[in-house]
Amino acid sequence: MSDLATAGDTPTDHRSNKHIPCKDAGHLLSSSYRRRGEASAARKASTSRRPPGEADAVKKVKPRPTHFLALPLGHHSQLREKLQKFRAALLTSDPPIRGLEPKIAVDPRRIHFTLGVMTLESAPETQPSAGPEGTADAPIEEAVSGTQSSPVLPPKTVQSALALLETLKPAISNILKDGLEDQDATKPPLSVSLTTLDVLKPDKRGGANVLCLGPPVDREKENIELQQLLMVCHLVHKAFKDAGYIVEKRPLKLHATLINTSHRKFWGKPFSYSDILASKALQQVASESELSHGELHDPAMTSAQKIVSTDPQPSEMNLKDVQKRNPPPVDFGTWSIDEIQLCIMGSHGPENEYISCGGIRLQDIDR
Numbered sequence: 001m002s003d004l005a006t007a008g009d010t011p012t013d014h015r016s017n018k019h020i021p022c023k024d025a026g027h028l029l030s031s032s033y034r035r036r037g038e039a040s041a042a043r044k045a046s047t048s049r050r051p052p053g054e055a056d057a058v059k060k061v062k063p064r065p066t067h068f069l070a071l072p073l074g075h076h077s078q079l080r081e082k083l084q085k086f087r088a089a090l091l092t093s094d095p096p097i098r099g100l101e102p103k104i105a106v107d108p109r110r111i112h113f114t115l116g117v118m119t120l121e122s123a124p125e126t127q128p129s130a131g132p133e134g135t136a137d138a139p140i141e142e143a144v145s146g147t148q149s150s151p152v153l154p155p156k157t158v159q160s161a162l163a164l165l166e167t168l169k170p171a172i173s174n175i176l177k178d179g180l181e182d183q184d185a186t187k188p189p190l191s192v193s194l195t196t197l198d199v200l201k202p203d204k205r206g207g208a209n210v211l212c213l214g215p216p217v218d219r220e221k222e223n224i225e226l227q228q229l230l231m232v233c234h235l236v237h238k239a240f241k242d243a244g245y246i247v248e249k250r251p252l253k254l255h256a257t258l259i260n261t262s263h264r265k266f267w268g269k270p271f272s273y274s275d276i277l278a279s280k281a282l283q284q285v286a287s288e289s290e291l292s293h294g295e296l297h298d299p300a301m302t303s304a305q306k307i308v309s310t311d312p313q314p315s316e317m318n319l320k321d322v323q324k325r326n327p328p329p330v331d332f333g334t335w336s337i338d339e340i341q342l343c344i345m346g347s348h349g350p351e352n353e354y355i356s357c358g359g360i361r362l363q364d365i366d367r
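So in UniProt numbering the end of the sequence shown lands on 367, straight run, no missing numbers.
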């Protein structure tokens, strides 16, 4: 049986197993996260224009996400040590990496893969009273006008999200069983090799807003473990998207964020990715196969550094040149994926990890 919280339970720290009260969807959001949301909502409301002929028209503000589905990675102590060394090497790089500061470097304890973000409501305290036929009483205006309103959809809550996740266990079990005859049954159900260093939201001048780690690029066909991981991730993502929990239209991309400029006090200033590519910090984590690649003139230079070194103005390097040759390969090891968690956005546990409201342990799924 799973020792994780299920629908209706309180959130836990999966290492200390301490229960943390979670009565509503957003009360554990950090104060800074809430202030940013409130300020953003205020700006949008104040700048919304009223359509001609419609007085008091107010633009509807999109609600901020309160929770996200995650595959935690930061609980692996050896991975944290590797990431902490890389983080320190980047922050103390000589010459300095432009645009990089400690505030935007993610604490290794918070590293995870995100399968989707969502906005969840508080669980309703009371249910509508039942009518003589066992149905809920209709609104007064409905009775007066004689019209029937559209059916009210059940609220999306922590409990309902966890219940949906629970229903996916049989399908996940089927994925884990496929190809098991070719694997060691004592191995973890899922694992991932962190061998790709990539960026999101790059600009044309060698800057970026997100630096992240991920699995090997285009290696699914030759790696059964990677195939299973991606199948489980897409299964969960699609189920929550079909049910209306996840509303983002962007395709799922597995990545663990290491640097994120959204943590700045003032958003919009990227860090220099070209500086990272040319840094000694990258050389220290480059994969053995990359360092020994025959086509490099200098065996201690990665292919990404070679691109930078041949550019007369590295600060103006076009990131498309790097992306065409695939992101620089690195070696941060292979790690087990132990749980699928529903976490509270912006929360901080005893070790600065995201607080989990519950989920499923993959080790407990029949395979």
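All C-beta atoms in this analysis are idealised placements derived from N, C-alpha and C, irrespective of residue type, glycine included.
Quick check on the burial criterion: 16 or more other C-beta atoms within 10 angstroms. Buried or exposed for residue i?
{"i": "E316", "result": "Bear in mind that a pLDDT of 42 at E316, under 50, signals an unreliable position, so the number given afterwards is only what the model happens to contain. Answer is exposed; the Cβ neighbour count stays below 16."}
{"i": "R110", "result": "buried"}
{"i": "D198", "result": "buried"}
{"i": "K156", "result": "buried"}
{"i": "Q341", "result": "buried"}
{"i": "E339", "result": "buried"}
{"i": "R87", "result": "buried"}
{"i": "T186", "result": "exposed"}
{"i": "D275", "result": "buried"}
{"i": "P132", "result": "With a pLDDT of only 44 at P132, under 50, the local geometry of the prediction cannot be trusted, and the value read off the model is given with reservation. Result: exposed."}
{"i": "G333", "result": "exposed"}
{"i": "S347", "result": "buried"}
{"i": "V117", "result": "buried"}
{"i": "L190", "result": "buried"}
{"i": "A161", "result": "buried"}
{"i": "L211", "result": "buried"}
{"i": "L153", "result": "exposed"}
{"i": "P215", "result": "buried"}
{"i": "L362", "result": "buried"}
{"i": "P329", "result": "buried"}
{"i": "V217", "result": "exposed"}
How is the beta strand (DSSP E) around residue i delimited, first residue to last?
{"i": "F113", "result": "H112 to M118"}
{"i": "I337", "result": "T334 to I337"}
{"i": "A256", "result": "A256 to N260"}
{"i": "G359", "result": "S356 to R361"}
Quick one: give me the first and last residue of the alpha helix (DSSP H) that residue i is part of.
{"i": "T167", "result": "V158 to T167"}
{"i": "L277", "result": "Y273 to L277"}
{"i": "A286", "result": "Neither: A286 is in no alpha helix (DSSP H) and is coded neither H nor E."}
Thinking C-alpha only, which one of the options is nearest residue i?
{"i": "T114", "options": "L71, T186, E121 and A88", "result": "L71"}
{"i": "Y245", "options": "N223, Q159, P216 and H112", "result": "Q159"}
{"i": "C343", "options": "I360, F68, L120 and A161", "result": "F68"}
{"i": "H237", "options": "Q84, L168 and K85", "result": "L168"}
{"i": "V285", "options": "V232, T119 and L213", "result": "L213"}
{"i": "R80", "options": "S262, L362, P328 and A256", "result": "A256"}
{"i": "I175", "options": "E166, L194, L83 and V232", "result": "V232"}
{"i": "N260", "options": "A163, K201, N223 and I360", "result": "K201"}
{"i": "G358", "options": "I172, M118, L100 and E166", "result": "E166"}
{"i": "residue 368", "options": "H75, E248, R367 and V152", "result": "In the structure displayed, the chain extends from 1 to 367; residue 368 sits before or after that span and is not available."}
{"i": "residue 368", "options": "L362, I337 and I365", "result": "Absent from the model: residue 368. The displayed extent of the chain is 1 to 367, so no value can be given."}
{"i": "D331", "options": "Q283, D364, M345 and L362", "result": "Q283"}
{"i": "L235", "options": "I97, L100, P170 and H112", "result": "P170"}
{"i": "G349", "options": "R361, L194 and G74", "result": "G74"}
{"i": "R98", "options": "Y273, P329 and V192", "result": "Y273"}
{"i": "M345", "options": "H112, L83, Q78 and Q84", "result": "H112"}
{"i": "T195", "options": "I172, K82 and D178", "result": "K82"}
Tell me whether residue i, by its Cβ, gets closer than 8 Å to a heavy atom of the ligand ATP.
{"i": "E353", "result": "Inclusion of the ligand ATP in the displayed structure is not the case, the ligand content being empty and no account of it being possible."}
> For the region 351-360 against the region 240-257, are there 3 or more C-beta pairs whose distance is under 8 Å?
Replying inline: The region 351-360 makes no contact with the region 240-257: fewer than 3 CB pairs, one atom from each, lie closer than 8 Å.
> Does the region 263-273 come close enough to the region 199-207 that 3 or more CB-CB pairs lie under 8 Å?
Replying inline: A contact exists between the region 199-207 and the region 263-273.
>> Across the region 221-230 and the region 92-106, are there enough close Cβ pairs to call them in contact, namely three or more that are closer than 8 Å?
In response: Judged by Cβ distances under 8 Å, the region 221-230 makes no contact with the region 92-106, as fewer than three pairs qualify.
> Could you give the uninterrupted runs of the beta strand (DSSP E) lying entirely in the region 188-254, keeping only those of 3 residues or more?
Replying inline: For the region 188-254, whole beta strand (DSSP E) runs of length 3 or above, ordered along the chain, are 190-193, 196-200 and 210-214.
>> My parser needs the beta strand (DSSP E) runs of 3 or more residues fully inside the region 66-100; what are they?
In response: Entirely contained in the region 66-100, the beta strand (DSSP E) runs reaching 3 residues are, in chain order, 67-72.
>> Within 8 Å, do at least three Cβ pairs link the region 86-94 to the region 272-279?
In response: Verdict: yes, contact present.
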